[in-house]
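All remarks here apply to the structure that follows.
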Amino acid sequence: MLNKSDQNQGSAGIRLAQELMVDIMGALIPGVLFLFSIVISGVFPILTFYGLPFNLNQTSTKTTGLEFMQGWFWLVIFLTFLILAYTIGLIFYRSDIKIPDKKGLLKQRKEFINNFCKELKNENFENSNKKLFKYVLNKLIQEIKYLSEFPEDLCENKSKTLERFFGMNTKDFENLIEELKAISDSSSPFLSSELKWKNKILKILFPHSEQDIECSENTIIKEYTTIIEKKLKNFIKKNEKPTKNEKPTKNEEQKLIKDKEQKLIKDVIILYCILDMQCECACATANRCNFPYINYYKYLLKRNEIDLLSEVSWYLPNARSKNKINRYKIFIQTHQPKTYFIITKNESHIRMAASSWYVANTLLPYTIILTILFLTLLIVNLIFNKYNLSIFSEYSIYNSENASSLIAFLFPLFIFFLLIIMKKKIVTFIHYQRLREIYHTLIIYKECPKNNNK
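Following this line, the structure appears as structure tokens:
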């Protein structure tokens, strides 16, 4: 059995390995990427024009007494490269993760709304806005069920849990669902008292909006209204066409009724989109996309992770802070250093992704300038050769002088496309990785032995 000193040494070794992982993936790799891009897009093109400053094939019988330093020279270059890469990488490592995270959320929101709009357009509503309204309302009812209809054995008091987060108990949720179902089953759903049930749904979406100074519910609804109107305004209007036996009416009263119906459809679509985004991404807008995310409890509720809700204390706008998650991490690192490796692994991937995003964002203007510069040299070379394109037929020979301008142009162009792909792909998963980081932290903290004995 290991004594206490051996256990402390083992824990110190684990912590060192974890810190090295974060430093290597979060700082060194992005730094290497930065220098690699600089060398490939800037140095290599120059070498294609002017060649190496020394001849690698030069042989001489004369000895200088410095031949033994040749190996050390390349070692020094390699170490200098590593140190420089790590130093540059640290600058990107300390950059704010919020920006790529928010861009990732906006990309997910755009994809979700686009897919949902396509889904509506592909459905056959038989030119009936009534059927369109009922279809979206049923989807909204299902989302509300995900939040409220979880097994009672997963928590001590289901009603108290719901009241803690929404200010509504189990009975309130049941009454709302019954009310919405009655509207959906009604032959005249647009005649319902919309203000009453809309206010109840707004209470679910923004239960503590009066305390939110940074981002009010009106700001979020206006943002989604702009997007939805742009996507579906014409579709909703076109959907309500008169049938063959029905004559179009010019009655002003009828027109007002149609306008009210269309507004109600848009409102239900907006409410559904906001709630779905809150449940799937833990936030619906970039203004609310602040780690560890104010709506993370809805993310857990939809997935029936009810036991973790007791550790979520940042559901109030003024209470949202990274300090709580950092506190959990420190506790886990102190009491369960081996298990903390799971969190470190995920965090190092997030840091590497965020730093690489900043590298791509920083170098894109540089590669554009170099691409234009070497493209200009390529065109000038063509003009001076009197548009004789046949000179490039020899480019397959690697040392062909005629092909130097073409090769010089391809280097920065290759890096440019590489950075574009990186920048676009990173934002597709960085938000998901951050959600995973919170989940891993909560579940490990919950299972921590010393935490259970408190």
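For any residue, its number in the numbering used here is found by taking its place in the sequence shown, counting from 1, and adding 138. We treat Cβ as the ideally placed atom computed from N, Cα and C, and that holds for glycine. Just so it is clear, the structure is predicted and the values come from calculations on it, not from any experiment.
Nearest CA to the CA of residue i: which residue from the options?
{"i": "Lys240", "options": "Ala492, Glu317, Glu301, Leu557", "result": "Ala492"}
{"i": "Ala420", "options": "Ile408, Asn433, Ser286, Asn428", "result": "Asn433"}
{"i": "Phe288", "options": "Leu173, Ile444, Leu520, Leu343", "result": "Ile444"}
{"i": "Phe552", "options": "Ile167, Asp161, Phe174, Cys411", "result": "Phe174"}
{"i": "Leu270", "options": "Leu158, Phe429, Phe373, His346", "result": "Phe373"}
{"i": "Ser286", "options": "Glu301, Val274, Leu275", "result": "Glu301"}
{"i": "Asn442", "options": "Lys272, Lys283, Gly227", "result": "Lys283"}
{"i": "Leu438", "options": "Gly169, Glu281, Phe182, Lys277", "result": "Glu281"}
{"i": "Arg247", "options": "Trp210, Leu154, Lys396, Ala424", "result": "Ala424"}
{"i": "Tyr224", "options": "Phe172, Val181, Gly242, Leu292", "result": "Phe172"}
{"i": "Lys371", "options": "Lys319, Leu402, Phe182", "result": "Leu402"}
{"i": "Glu332", "options": "Leu318, Phe344, Lys341, Asp323", "result": "Leu318"}
{"i": "Tyr362", "options": "Glu418, Leu544, Asp405, Ser297", "result": "Asp405"}
{"i": "Asp414", "options": "Val214, Met159, Phe254, Phe182", "result": "Phe254"}
{"i": "Leu277", "options": "Glu290, Glu257, Ile521", "result": "A small correction: the amino acid at residue 277 is Lys; Leu does not occupy that position in the sequence shown. Among Glu290, Glu257, Ile521, the Cα nearest to that of Lys277 belongs to Glu257."}
{"i": "Tyr273", "options": "Ile321, Glu312, Leu520", "result": "Ile321"}
{"i": "Ile564", "options": "Ser324, Asn499, Phe211, Leu275", "result": "Asn499"}
{"i": "His473", "options": "Asn260, Lys584, Phe263", "result": "Lys584"}
{"i": "Tyr504", "options": "Ile359, Phe554, Phe263", "result": "Phe554"}
{"i": "Ser347", "options": "Leu158, Phe522, Arg426, Glu449", "result": "Arg426"}
Kindly indicate the opening and closing residues of the alpha helix (DSSP H) around residue i.
{"i": "Trp335", "result": "332 to 343"}
{"i": "Gly242", "result": "236 to 260"}
{"i": "Gly169", "result": "167 to 176"}
{"i": "Asp291", "result": "Asp291 -> no alpha helix (DSSP H), and no H or E assigned at all."}
{"i": "Arg465", "result": "460 to 473"}
{"i": "Trp495", "result": "478 to 522"}
{"i": "Ile568", "result": "568 to 585"}
{"i": "Tyr437", "result": "434 to 440"}
Verify whether the separation of the beta carbon atoms of residue i and residue j is less than 7 Å.
{"i": "Lys460", "j": "Thr579", "result": "no"}
{"i": "Thr477", "j": "Ile365", "result": "no"}
{"i": "Pro455", "j": "Thr509", "result": "no"}
{"i": "Leu501", "j": "Leu557", "result": "yes"}
{"i": "Ser447", "j": "Tyr435", "result": "Rather than Ser, the amino acid found at residue 447 in this sequence is Leu. Going by C-beta atoms, Leu447 is nearer than 7 Å to Tyr435."}
{"i": "Ile167", "j": "Met560", "result": "no"}
{"i": "Leu343", "j": "Ile412", "result": "yes"}
{"i": "Arg574", "j": "Asn464", "result": "no"}
{"i": "Pro238", "j": "Ile568", "result": "yes"}
{"i": "Ile221", "j": "Gly169", "result": "no"}
{"i": "Ser486", "j": "Val160", "result": "yes"}
{"i": "Leu228", "j": "Ala165", "result": "yes"}
{"i": "Phe230", "j": "Tyr496", "result": "yes"}
{"i": "Thr313", "j": "Ser297", "result": "Reading the sequence as shown, one finds Asn at residue 313 and not Thr. Contact: no."}
{"i": "Leu516", "j": "Phe547", "result": "yes"}
{"i": "Pro475", "j": "Ile152", "result": "yes"}
Confirm the yes/no value for this check: CB of residue i, any heavy atom of the ligand GTP, distance under 6 Å.
{"i": "Lys360", "result": "The model on display carries no ligand, and the ligand GTP is accordingly not part of it."}
### Query
For the segment 266 to 318, which segments carrying the alpha helix (DSSP H) assignment without a break, of at least 4 residues, lie completely within its bounds, in sequence order?
267 to 286, 296 to 304
### Message
List, from N- to C-terminal side, the alpha helix (DSSP H) runs of 4 residues or more that fit wholly inside the segment 395 to 449.
### Response
434 to 440
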